[in-house]
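Engineer:
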DNA sequence: TTATCGATGGTA
DNA sequence: ACCATCGATAAA
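In my numbering, the protein residues as written are 2 to 198.
#1: For the segment 52-68 against the segment 112-119, are there 3 or more C-beta pairs whose distance is under 8 angstroms?
#2: Specify whether the segment 171-189 and the segment 26-34 touch according to this definition: at least 3 beta carbon pairs, one from each stretch, less than 8 angstroms apart.
#3: DSSP three-state label for residue 180, please.
#4: Please report the straight-line C-alpha distance between residue 155 and residue 140, rounded to a whole angstrom.
#5: Does DSSP classify residue 118 as helix, strand or coil?
#6: First and last residue of the beta strand (DSSP E) that includes residue 192?
#7: If you check the beta carbons only, do residue 137 and residue 190 fall under 7 angstroms apart?
#8: Using DSSP with H/G/I as helix, E/B as strand and the rest coil, what is residue 82?
#9: Please list the terminal residues of the continuous beta strand (DSSP E) segment that includes residue 28.
#10: Please report the residue range of the beta strand (DSSP E) in which residue 174 lies.
#11: Select from 89, 45 and 29 the residue whose C-alpha is nearest the C-alpha of residue 72.
#12: DSSP beta-bridge partners for residue 45?
#13: Check whether the segment 99-110 touches the segment 164-171, taking contact to mean three or more Cβ pairs, one atom from each stretch, closer than 8 angstroms.
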């Protein structure tokens, strides 16, 4: 049995396409109160900097996208379509707007059968992710502010459980919902983990 | 099965 | 007006 390691800043600061692919098979861990929710990441998308017209950062720095311009390894959570949140983890250099969108996980622990995890909005609903997590760190399980005189547990992070994913297990497709992105709309920057080849 | 459409509200 | 979505409904 392999050790479970929290992914570090080092993991996230590389090329966004690489990070988005390497996130497949890792484990998204959410702590809410004393309960844990865990899902294995099976679908991601890469948003690759200021030139990528699908990336929120391509329209410049705004209050909403501030976290996207921050340090690798922090969460970028935004509100969309009036009722959903989307979860991204920031990649590459500070001030370079790039991130990996986590689109789907496979339920592993603490998830009711009726709760869906197969879409960015549904995943955030099930994992109780909203803007309160925006700009917080994904690199520690002890990153939250002091509460009642002691460290609160971390709230949301990603673990490597030592599984190796082969390139042949990764399906690539264009990203969802970015028809407006001109020459970037058909870039195969959506990555899906296949369990059957 | 695929296609279409309304809900809903922050953002620029 | 637009939107990195979802779920219901209709059509086929």
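Don't be surprised by glycine CBs; every beta carbon is placed ideally from N, CA and C. None of the values given here were measured: they were computed from a predicted structure.
Structural biologist: On the basis of the supplied data:
#1: Taking 8 angstroms as the limit for Cβ pairs, the verdict is that the segment 112-119 does not touch the segment 52-68.
#2: These segments do not touch.
#3: Three-state DSSP puts residue 180 in a helix.
#4: Using only the alpha carbons, I get a separation of about 9 angstroms.
#5: Residue 118 carries a coil assignment under DSSP once its states are collapsed to helix, strand and coil.
#6: Residues 191-194.
#7: Cβ distance not < 7 angstroms, so residue 137 and residue 190 don't count as in contact.
#8: Looking at residue 82 - three-state DSSP - the assignment turns out to be coil, as it is neither helix nor strand.
#9: Segment 28-33, the beta strand (DSSP E) holding residue 28.
#10: Going by DSSP, residue 174 is part of the beta strand (DSSP E) stretching over 171-174.
#11: Answer by Cα proximity: 89.
#12: Residue pairing from DSSP places residue 45 in a beta bridge opposite 103 and 192.
#13: The answer is no - the segment 164-171 does not touch the segment 99-110, with fewer than three Cβ pairs under 8 angstroms.
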